[in-house]
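Participant: If you scroll down you'll find the structure; I have some questions about it.
Protein chains: 2
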Amino acid sequence: MSKLVPKVPVPTVSGGSRRASYSASTKRALVDVAERLFAEKGYAATSLDAIVSGARVTKGALYHHFSGKQALFESVFERVEQEAAKRIQKSLRGEKDPWRKATVGLRAFLDVVQETTYRRIVIQDGPAVLGYERYREQEERSTFANIVEIVRATLDAGSWDLDEDMLQTFARIFFGAMSSAGESVATAADPEAAARRVEGAIGFLLAGVQSLVEQGVAMPSTLGDDA
Amino acid sequence: MSKLVPKVPVPTVSGGSRRASYSASTKRALVDVAERLFAEKGYAATSLDAIVSGARVTKGALYHHFSGKQALFESVFERVEQEAAKRIQKSLRGEKDPWRKATVGLRAFLDVVQETTYRRIVIQDGPAVLGYERYREQEERSTFANIVEIVRATLDAGSWDLDEDMLQTFARIFFGAMSSAGESVATAADPEAAARRVEGAIGFLLAGVQSLVEQGVAMPSTLGDDA
DNA sequence: TCGAAGTACGTACCAGCGGTATGTCGGATA
DNA sequence: TATCCGACATACCGCTGGTACGTACTTCGA
Chain A
1 MSKLVPKVPV PTVSGGSRRA SYSASTKRAL VDVAERLFAE KGYAATSLDA IVSGARVTKG
61 ALYHHFSGKQ ALFESVFERV EQEAAKRIQK SLRGEKDPWR KATVGLRAFL DVVQETTYRR
121 IVIQDGPAVL GYERYREQEE RSTFANIVEI VRATLDAGSW DLDEDMLQTF ARIFFGAMSS
181 AGESVATAAD PEAAARRVEG AIGFLLAGVQ SLVEQGVAMP STLGDDA
Chain B
1001 MSKLVPKVPV PTVSGGSRRA SYSASTKRAL VDVAERLFAE KGYAATSLDA IVSGARVTKG
1061 ALYHHFSGKQ ALFESVFERV EQEAAKRIQK SLRGEKDPWR KATVGLRAFL DVVQETTYRR
1121 IVIQDGPAVL GYERYREQEE RSTFANIVEI VRATLDAGSW DLDEDMLQTF ARIFFGAMSS
1181 AGESVATAAD PEAAARRVEG AIGFLLAGVQ SLVEQGVAMP STLGDDA
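Chains A and B, in that order, are what the protein sequence lines are. Using the working numbering, the letters of the first sequence map in sequence onto residues 1 to 227. Using the working numbering, the letters of the second sequence map in sequence onto residues 1001 to 1227.
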């Protein structure tokens, strides 16, 4: 049946063969539908049949473009991730003061993390499906990179000789804190109030760091230990 | 075959019928095996056949004791969770100073989170399998409760009128930070060094908060906003 | 003591899942 | 125009979680 209905290719302006255009179109359709279903029902509860039927193709097409369900998810993951990273980065433009950058970046992240698509695909299913290692690799090139940048700028304000590992650690901590906070914000009865509380809490932590910076307190290599 | 080999019941000292003893024994065997396999290969990659074969029973037995795979997981989850909570709570005994409590509690949590069983079952698979809501409900009664307690004691040091919501927010943030940090510690090339860095970083944040407390800085209701 | 009832499983089976092997058709290429 | 190959469609497979039903063993009341 679907054979009788000629598919409408995506109106690619550029050159390239007609066939390539059709191909890209169906591939994009698969990723589109998969993103929607993964976001709505989660990875495990979404069947390939549902995806290919939604994209009006068959499993043959899916397995022609992707090596399997996980590869398709990875494609969706990358897109969602890069979209989020772009939005955060955009909000950062123009801000010069590192502390302002941190504030603005936090707000942007809290916005992003409140969308079901990002939360479900990147935060919830991402680590479980890709495995933590692959997940981290992906993150390191996009949203997490933004966090690292902000943390770097912020901590550079105090002119310590802060090694890269420590910086990564700080970034990890903030990223984890914000992800967890985002989850609770998104599922809260009053998300806006919850978001304000999160901003307040993290802002307080930042103010604490800022205070130490101004006092010229050195970064500890470990926790105070009097044993 | 297994019918010919009489099962050895767990030597319950207490009363209760012989049959109940046998029953409890097989149930415990199921949870034991499930915990091992879930921790080793993850929830999705562990089949019920593998579990029942490991426990030397059949699916009939499993479905007699549990309503399904998820219910079995929940049973495992609870046990692992409570075990972890107990260990953290134990490490807290004797500590009186809230800042010391925070330090000790952090160390205990970092220890716990480095074990594959807790990490895989509670942190990785937990939210995805149970759903975030159920996951939060479970956590709220055990490990997370400890975090809340520590945060409460710490923030009470500065005598603000800190409302409960804000406290929960702080606890969520710290819990997320520590979970994420724990994951990176466990997968690091040098876990001990990574753990020290995490302790240093979070200790620094705590020091910042402490500094603000000593300065008598008030909790902000939101981030500084000059717009 | 002896049957009836219920518990604690075992057995057989099913629909749906991800994945694969193979067929087919139309556009690109020479 | 003949040929080839990419882009799918079709048919099928093994495995999975889950269910229906059968059965042996216990417990308990008469």
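In this text, a Cβ means the ideal position worked out from N, Cα and C, and glycines have one as well.
Measuring alpha carbon to alpha carbon, tell me which residue in B:K1059, B:Q1138 and B:E1040 is nearest D1049 (chain B).
Facilitator: Among B:K1059, B:Q1138 and B:E1040, the Cα nearest to that of D1049 (chain B) belongs to B:K1059.
Participant: Taking only beta-carbon atoms, is P1011 (chain B) less than 8 Å away from chain A?
Facilitator: Low confidence applies to P1011 (chain B): its pLDDT is 39, below 50, so where it sits in the model is not reliable, and the reading given next is rough at best. P1011 (chain B) does not count as touching chain A.
Participant: Where does the unbroken alpha helix (DSSP H) through A1055 (chain B) begin, and where does it stop?
Facilitator: A1055 (chain B) -> no alpha helix (DSSP H), and no H or E assigned at all.
Participant: Does the pairing of the region 1068–1081 of chain B with the region 1165–1175 of chain B give three or more beta-carbon distances under 8 Å?
Facilitator: Because the criterion of three Cβ pairs below 8 Å is not met, the region 1068–1081 of chain B and the region 1165–1175 of chain B do not touch.
Participant: By the criterion of Cβ-Cβ separation under 7 Å, what are the contact partners of D125 (chain A) in chain B?
Facilitator: A1128, listed in chain order.
Participant: Helix or strand or just coil, what does DSSP make of L1206 (chain B)?
Facilitator: Here L1206 (chain B) sits in helix by DSSP.
Participant: For a test of the three-state rule: what should DSSP assign to F1066 (chain B), helix, strand or coil?
Facilitator: Three-state result, F1066 (chain B): coil.
Participant: Determine the extent of the alpha helix (DSSP H) in which T103 (chain A) is found, giving its start and end residues.
Facilitator: First-last of the alpha helix (DSSP H) with T103 (chain A): P98 to V113.
Participant: For S1184 (chain B), which residues in chain A fall below 7 Å Cβ to Cβ?
Facilitator: Going along chain A in sequence order, the residues near S1184 (chain B) (Cβ under 7 Å) are R172.
Participant: Within the 8 Å Cβ cut-off, does D1156 (chain B) reach chain A?
Facilitator: Not closer than 8 Å to any Cβ of chain A, the Cβ of D1156 (chain B) fails to qualify, so no.
Participant: DSSP three-state label for T187 (chain A), please.
Facilitator: Three-state result, T187 (chain A): coil.
Participant: Using the beta-carbon of each residue, which ones in chain B are nearer than 7 Å to A208 (chain A)?
Facilitator: Reading off the sequence shown, one finds Gly at residue 208 (chain A), where the question assumed Ala. In chain order: L1205, G1208, V1209, S1211 and L1212.
Participant: Assign T26 (chain A) to one of two classes, buried (16 or more other C-beta atoms within 10 Å of its C-beta) or exposed (fewer than that).
Facilitator: Its Cβ being crowded by 16 or more others within 10 Å, T26 (chain A) is buried.
Participant: So with Cβ pairs under 8 Å, would you call R976 (chain B) a contact of chain A?
Facilitator: Residue 976 (chain B) lies beyond the residue range present for chain B, which begins at 1001 and ends at 1227; the question has no answer from this structure.
Participant: When the Cα of A102 (chain A) is compared with those of A:Y63, A:A153 and A:R134, which residue comes out closest?
Facilitator: Comparing Cα-Cα distances from A102 (chain A) to each of A:Y63, A:A153 and A:R134, the minimum goes to A:A153.
Participant: Taking only runs that begin and end inside the region 117–184 of chain A, name each unbroken alpha helix (DSSP H) of 4 or more residues, in chain order.
Facilitator: Runs of the alpha helix (DSSP H) inside the region 117–184 of chain A: 126–130, 132–140 and 143–157.
Participant: State the DSSP-derived secondary structure class of E95 (chain A), mapped to helix, strand or coil.
Facilitator: In this structure, E95 (chain A) counts as coil in the three-state DSSP scheme.
Participant: Looking at chain A, is there any beta carbon in it that lies within less than 8 Å of the beta carbon of G1176 (chain B)?
Facilitator: Chain A, which has a Cβ nearer than 8 Å to the Cβ of G1176 (chain B), makes this yes.
Participant: Find out if the Cβ-Cβ distance for the pair G1182 (chain B), R1136 (chain B) is shorter than 8 Å.
Facilitator: Result no, Cβ atoms of G1182 (chain B) and R1136 (chain B) do not sit closer than 8 Å.
Participant: Looking only at its own chain, which residues have a Cβ that is under 7 Å from the Cβ of K1003 (chain B), when we skip the five neighbours before and after it?
Facilitator: Unreliable placement is indicated for K1003 (chain B), whose pLDDT of 35 sits below 50; the coordinate value is still reported in the next sentence. Excluding positions up to five away in sequence, the list is empty.
Participant: Quick one: is S142 (chain A) buried, meaning 16 or more other Cβ sit within 10 Å of its Cβ, or exposed?
Facilitator: Buried.
Participant: Using a Cβ-Cβ distance cut-off of 8 Å, determine whether A1181 (chain B) contacts chain A.
Facilitator: Closer than 8 Å: yes.
Participant: Out of B:E1133, B:W1099 and B:V1104, which one is the CA nearest neighbour of S1091 (chain B)?
Facilitator: It is B:V1104 whose Cα lies nearest to the Cα of S1091 (chain B).
Participant: Residues of chain B with CB under 9 Å from T46 (chain A), in chain order?
Facilitator: Ordered by position in chain B, no residue passes the 9 Å Cβ test against T46 (chain A), which lies about 13 Å from the chain.
Participant: At 7 Å on the CB atoms, spell out the chain B contacts of D165 (chain A), in chain order.
Facilitator: By Cβ distance, chain B contributes R1197.
Participant: Quick check: the region 109–126 of chain A against the region 33–51 of chain A, are there 3 or more CB pairs under 8 Å?
Facilitator: Yes, the region 109–126 of chain A is in contact with the region 33–51 of chain A.
Participant: Under 8 Å between the Cβ atoms of G1208 (chain B) and S211 (chain A)?
Facilitator: Yes. Within cutoff.
Participant: By DSSP, does T1026 (chain B) sit in helix, in strand, or in coil?
Facilitator: Residue state, collapsed to three classes: helix.
Participant: I need the straight-line Cα distance from G216 (chain A) to Q1215 (chain B), nearest angstrom please.
Facilitator: Going by the C-alpha atoms only, they are around 16 Å apart.
Participant: If you run the structure through DSSP and keep just helix, strand and coil, what is V8 (chain A)?
Facilitator: For V8 (chain A), the pLDDT reaches just 41, beneath the cut-off of 50, and the residue's location in the model is therefore unreliable, leaving the point undetermined.
Participant: In whole angstroms, what separates the C-alpha of D190 (chain A) from that of A128 (chain A)?
Facilitator: D190 (chain A) and A128 (chain A): Cα-Cα distance of roughly 28 Å.
Participant: How long is the line joining the alpha carbons of L1205 (chain B) and I1147 (chain B), rounded to whole angstroms?
Facilitator: Between L1205 (chain B) and I1147 (chain B), the C-alpha separation is close to 16 Å.
Participant: Relative to the C-alpha of D111 (chain A), which residue among A:R87, A:D97, A:I51 and A:R134 is closest?
Facilitator: Nearest C-alpha to D111 (chain A): A:R87.
Participant: Just the C-alpha distance for A44 (chain A) and G126 (chain A), rounded to the nearest angstrom, thanks.
Facilitator: A44 (chain A) and G126 (chain A): Cα-Cα distance of roughly 12 Å.
Participant: Using a threshold of 8 Å, state whether the C-beta atoms of L177 (chain A) and I202 (chain A) are closer than that.
Facilitator: The sequence as given places Ala at residue 177 (chain A); Leu does not occur at that position. For A177 (chain A) and I202 (chain A), yes; Cβs fall inside 8 Å.
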